[in-house]
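If you count the sequence shown from 1, you need to add 146 to reach our numbering. A short write-up of the structure that comes next.
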Amino acid sequence: MKVIKNPFFIIPVIFFWTNQFFEKVMGWHSSGFLSSYADDLLAMPVILGITLQIYQWIHPKKELFTFSKAQVLVAFVYVSIVFEFLLPKYSSTYTSDYWDILCYGLGSIYFYKFINHTRRSLIRSKV
């Protein structure tokens, strides 16, 4: 199944962009979990999902290409370091929050379990 047709990818994308629209365009900010952690929770499924789709378009394996656990882990560590340690150090726009890292981790697990699969692996899991 193409990533862009996978409902487990489409739903986080819709939630992510809806949240961005309300925050950036409409100027609405809630003070709870949604405002603080929704983007961080949805970031990895969106980032890795888009990246996986691009790889499947250009890689010889096409839709059979998936990311390994190690690749997903590297992406998680990279995003965590950049957004929670490096950017806050050099820009006041960003703040470091260890809960964000937990959200990136949960988003990475969600991506690996529900988005990062091939049609063949789906058939195998149903048998």
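Backbone N, C-alpha and C define an ideal beta-carbon position, used for all residues, glycine too.
What three-state label does DSSP hand residue i in the structure shown?
i, result
"Ser237", "coil"
"Val273", "Here Val273 scores only 45 on pLDDT, less than 50, and its place in the model should not be relied on; the value that follows carries that caveat. Of the three classes helix, strand and coil, the one that applies to Val273 here is coil, per DSSP."
"Ser214", "coil"
"Trp174", "coil"
"Phe162", "helix"
Using CA atoms only, rank isn't needed, just tell me which of the options is closest to residue i.
i, options, result
"Ser196", "Tyr244, Asn165, Lys151 and His175", "Here the sequence assigns Ile to residue 196, which means Ser is not the residue at that position. That would be Lys151, whose Cα lies nearest to the Cα of Ile196."
"Val224", "Phe154, His263, Met172 and Leu194", "Sequence check: residue 224 is Tyr here, not Val. Considering only alpha carbons, the answer is Leu194."
Which stretch, first to last residue, makes up the alpha helix (DSSP H) that contains residue i?
i, result
"Leu252", "Tyr244 to Tyr256"
"Ile193", "Phe179 to Ile204"
Counting C-beta neighbours from all protein chains within 10 Å, is the total for residue i 16 or more, i.e. buried, or is it exposed?
i, result
"Met172", "exposed"
"Val218", "buried"
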